[in-house]
Amino acid sequence: MEDLKELKKIEKFADQCMKCGFCSFFCPVYQEEKVETAVARGKNYLVRQMIQGDQKFTPEMADIIGKCLLCKRCAANCPAKTQIDRVVVGARAQLVKEKGLGFVKNFAFRKVMANRKAFGRYVKLAKTFQFMMPKTEGKIRHLPDFLKGLGQGRNIPEIADKFLRDRVKRVNKPQSGPAKMKVGFFSGCAMDFVYPELGLKIIDVLTKHGCEVIVPEEQSCCGAAIYFSGDFETGRMLAEENIKAFKDVDYIVTGCGTCSSTLKDYQKYLTDTEDQQKRYEAFEKKIKDSTEFLIDILKINPSDFKLKKEFEGKTATWHDPCHLIRYQNIKEQPRAILKALKGLKYVEMPNADLCCGMGGSFSVYHYDLTKKIAAKKMDGIKATGADIVVTACPGCMINLIDNVLQNKMPQKVHHFLELVE
Amino acid sequence: MMKEAVLDKLKKIVGNENVLTTPEVLKAYSYDGTTSWQHEPEVVVFPTTTEQVSDILKLANAEKIPVTPRGGGTNVSGGSVPWLGGIVLVTTKMNQIVKIDKENLSATVEAGVVLQDLTMKLAKDGLFFPPDPQSFLGATMGGIIAENAGGPACVKYGVTKQYILGIEAVLPSGDIINLGGRTLKNVVGYDLLHILISSEGTLGVITKAELKLRPMPPARKTIMAVYADIAVAGENVYRVLENGVIPNKIELLDNWVINRIEEMMPMGLPKDADAVLLFECDGILETVDKEVEKIAEIAKKYGATDVRIAKDQAEADKYWMARKAGFAAVFGKAPTVLSEDVTVPRGNIPALIKKVKEIAKKHNVESCCLGHAGDGNLHPSVLTDKKNEELYSRAIKAIDEIIESAVELGGVLSGEHGIGLEKQKFFNKVTNPAVVDLMKGIKALFDPNNIMNPGKIWD
Ligand SMILES: Cc1cc2nc3c(=O)[nH]c(=O)nc-3n(C[C@H](O)[C@H](O)[C@H](O)COP(=O)(O)OP(=O)(O)OC[C@H]3O[C@@H](n4cnc5c(N)ncnc54)[C@H](O)[C@@H]3O)c2cc1C
Ligand code: SF4
Ligand code: SF4
Ligand code: SF4
């Protein structure tokens, strides 16, 4: 008997599917491919077949479960509340258990990313080759697959001259008065290596509002690209490191939508034992995305935010990162701020919640598909006539920038924290 | 296994990327929306033009290979399951909305257009296509025509066949034909158009259709009426209609369904009610207001314990959300759910509901009722588990008796889902042999080699 442990864990989620086919309407991948294996219904069915022993882990099967953005649009609209993200991630975990990570992923995850210092060295190395790449105004890319992602003709990020970790203090006192609370700042790779200014900005905003901000050096990668690919072992190692690094704070704030949801979801995907479950759940309670933290925890009135001079008179639209809207139910907070900013005009884009097509490492392996999905996003952006597209996930930002440039559109892409004083 | 030579020819017709044969894909095209029927095809092809469909059928006809047309695969009668293997011909890549003609209130669409995509596009022009199967998010126009689908709005607007002006189809011979036209009236010879509509993919492949549209009504309002006795709710349906108001929807949820919805997502439905009816009126605001008042009045007069008129769209949306969730509530509650779509003349709804309860009790199975009460189309459902043989056989018995009693009450086997595989055993039982022969004769004329969706309806 084969050990189907990871599949067994998700059997009940796959079993919930009643094959109504509603998901086909919402799935960005199916909308492009129009083939049943692309959609949640097909994936649920095939995973069930594997559990029953009627389907083997073939390369085709790996490809099928690989072709999912984990955007959860299907799940959010599924009348039976099937959780395809869990089914897909569980199936990937089973694949990793049986076949091991592919060489590239193995190298990237285990040797590089899981070791923060080494990762820094590699990123620096990549930087020295940067002159060979087309120079673009936009920065960033989701970093896990950074090295592999090069050279597909896309606009890739510029690595910062000096990483956030080398510019930031470990302890940042509130700018005035006693500390209201102790907040850990989770930088994530994006802010560490590519957007250090953004990291500094978040710390500035938090200390301005009375928080003491701790930036532990021992923090690691959130693990999104790693455990979503099914490498639960490395994922768990990162979870433990991060939990340890942040054990002394009231909240943990991050400006990356992917990071916040990934940290929150350790308890969903990675647990094996009751002890883990308890500790990961406790950790989840501390995690807040920047938008959520400012509005829900610090309870800042949206109209108290001041627009930066350079954005005065501009029109802005909001792109919902999947990891904010569907993984964390954060939808109104950023909109409330954008709508309240004096001097800025807000327009809602059609299909604001449509995945931008990035899907973490998805875009590396299926770049053509990413571009097609992003084209629909671009249509939505064009329809608003906005000057700036605002979001709160560096992953989305990279992809939006890439596609805005490819489509020769005038819009600029910004993290929402870049807009405020 | 399909001959390599045939596969090569298929690839020549539609291109390599549109011919799929991996075991994984074959599995993914072995099912439809039903729980009980599965069979794998030997190949799945995705034509993109009518000419390609024609070439595929010519090839299949020459080689005598079964062809099962498939749109969204949302049907719940086994219709798009390739029961005898062969080719599954999927229309999802033929999905162009060719033309929207506002002047003539019509639209030309390819078979693979998904209803919701069409609805969204039409809304921009202030138009709509009235038939509204509740699978609108996945169902394609080809499938909707082939099943003559209808949904809640049929009370007022009727079913698909009333909204098809013409179709382009490919016969098993490969001949491309056009039936009907673009005019509202058409009496040129036999009405072959309506033989193709509701043919369940057994006569040919529909490739294009000319649809009749309506202007979008400017106003709509929702009412929820609450009943202490489900039979009274059933009676209310025809009371409202006989008193001169035709709402566009009348939907029924029974106590069991209400409570499952409240468990899933509490939204303040009356948990101790035996049943609720949801009405929706649409049209010009003044008329809608009058109609809503009238319904409230009649409902109260004939025994509703409470009548709530939704004060705004948000409240209305909540009620309709509940109706939609009802479906999930039923299916999420048991490993296997046998759900019927029997339809009786409206006056017999109370009798049918009573019968369903009796039968469920007799066989000791859990049952519930929800459905499009407005047109007498109920979905009595029995909860069971396919893996539990004893329980499953009791459920089957109960469902069989429910179907039989619906027919005894002057009803039909299927209001909207079709016969497919699911209802074959009843079809032969209740259909006049002369009629069956006539149908078989027509089938033989269209499809002498019996390649189009073989194994369905009467086999
Ligand atoms: C949740 C749910 C709710 C539903 N609600 C309703 C409802 O309210 N009303 C209703 O009527 N039905 C309903 N149905 C049933 C189903 O959705 C409809 O029958 C729908 O019309 C099927 O469309 P499809 O594109 O999915 O067709 P498929 O399932 O792919 O095919 C249905 C049949 O049509 C044939 N076919 C498909 N395309 C073509 C073509 N181009 N040419 C010739 N034959 C073709 C197939 O061979 C098959 O026999 C529901 C189903 C589900 C799962
Ligand atoms: S919407 Fe949900 S229940 Fe329906 S087919 Fe998709 S996953 Fe299954
Ligand atoms: S998570 Fe997104 S990409 Fe994956 S199946 Fe669902 S809708 Fe499609
Ligand atoms: S998810 Fe966050 S921490 Fe992980 S790679 Fe992306 S940006 Fe870095």
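Protein sequences appear in the order of chains A and B. Residues in the first sequence are numbered from 1 upward in steps of one, following my numbering. Residues in the second sequence are numbered from 1001 upward in steps of one, following my numbering. Every residue gets a Cβ at the ideal spot worked out from N, C-alpha and C, and that includes glycine.
When Cβ-Cβ separations below 8 angstroms define contact, Gly1142(B) makes no contact with chain A.
Scanning its chain for C-beta atoms nearer than 6 angstroms, with the 5 sequence neighbours on each side dropped, one finds around Ala93(A) the residues Glu6, Gly230, Phe232, in chain order. For Gly1143(B), the Cβ stays outside the 7 angstroms cut-off from all heavy atoms of ligand 2. Looking at the DSSP output, Pro59(A) shares a beta bridge with no other residue. Excluding sequence positions up to five before and after Pro1335(B), its CB lies within less than 6 angstroms of the CB of Asp1385, all in the same chain and listed in chain order. Contacts with chain A (Cβ-Cβ distance below 9 angstroms) from the stretch 1002-1025 of chain B involve Leu1020, Thr1022, Pro1023, Glu1024, Val1025, listed in chain order.
Three or more beta-carbon pairs drawn from the stretch 323-343 of chain A and the stretch 294-311 of chain A are found closer than 8 angstroms, and the two stretches are therefore classed as touching. The C-beta of Glu32(A) comes no closer than 8 angstroms to any C-beta of chain B. In this structure, the beta-carbon distance from Leu270(A) to Gly313(A) does not fall below 8 angstroms.
Across the stretch 56-70 of chain A, CB contacts with chain B closer than 8 angstroms involve Thr58, Glu60, Met61, Ile64, in sequence order along the chain. Chain B places no beta carbon closer than 8 angstroms to that of Met397(A), leaving this residue out of the contacts. Cβ-Cβ distances below 6 angstroms link Thr1035(B) to Thr1336 in the same chain, with the five nearest sequence neighbours on each side left out; the list follows chain order.
Taking a contact as a CB-CB distance under 8 angstroms, the pair Tyr1031(B) and Val1088(B) does not count as one, their CB atoms being some 11 angstroms apart.
In the three-state reduction of the DSSP assignment, Trp1256(B) falls in the helix class, which pools H, G and I. Three or more pairs of CB atoms, one per stretch, sit closer than 8 angstroms, so the stretch 176-184 of chain A contacts the stretch 201-219 of chain A. Apart from sequence neighbours up to five positions away, the residues of its chain that approach Leu1421(B) with a beta-carbon distance below 6 angstroms are Trp1037, Gly1078, ordered along the chain.
When Cβ-Cβ separations below 8 angstroms define contact, Thr1092(B) makes contact with chain A. Comparing alpha carbon positions, the residue from Val1226(B), Lys1249(B), Glu1291(B), Lys1290(B) closest to Leu1269(B) is Val1226(B). The beta-carbon of Gly1332(B) is placed less than 8 angstroms from the nearest beta-carbon of chain A. Residues of the stretch 1069-1082 of chain B with a Cβ closer than 7 angstroms to any Cβ of chain A, in chain order: Gly1072, Gly1073, Thr1074. Closer than 8 angstroms to the CB of Val1159(B) there is not a single CB belonging to chain A. When C-beta atoms of the stretch 1253-1273 of chain B are compared with those of the stretch 1282-1290 of chain B, fewer than three pairs fall below 8 angstroms, so the two segments do not count as touching. When C-beta atoms of the stretch 1206-1219 of chain B are compared with those of the stretch 1161-1173 of chain B, three or more pairs fall below 8 angstroms, so the two segments count as touching.
By the neighbour-count definition (other C-beta atoms within 10 Å, threshold 16), Ala282(A) is an exposed residue. Distance from Leu1253(B) to Leu1370(B) at the Cβ level is roughly 5 angstroms; contact confirmed, criterion being Cβ atoms closer than 8 angstroms.
Pairwise C-beta distances place the stretch 1170-1186 of chain B out of contact with the stretch 1233-1249 of chain B, as fewer than three of them are shorter than 8 angstroms.
The criterion of a C-beta distance shorter than 8 angstroms is satisfied by Ile1419(B) and Glu1200(B). Pairing Cys23(A) with Val39(A) gives a Cβ-Cβ distance under 8 angstroms.
Judged by DSSP in its simplified three-state form, Asp1175(B) adopts coil rather than helix or strand.
Ala1322(B) does not reach chain A, its nearest Cβ partner there being about 12 angstroms away, counting only Cβ pairs nearer than 8 angstroms. At a cut-off of 8 angstroms, the C-beta of Cys20(A) has a neighbouring C-beta in chain B.
In the three-state reduction of the DSSP assignment, Ser1036(B) falls in the coil class. For Ala375(A), the shortest separation between its Cβ and any heavy atom of ligand 1 does not lie below 7 angstroms. Contact between Ile1359(B) and Ala1398(B) holds, since their C-beta atoms are separated by about 5 angstroms, short of 8 angstroms.
Between Lys9(A) and Gly90(A), the C-beta spacing is below 8 angstroms.
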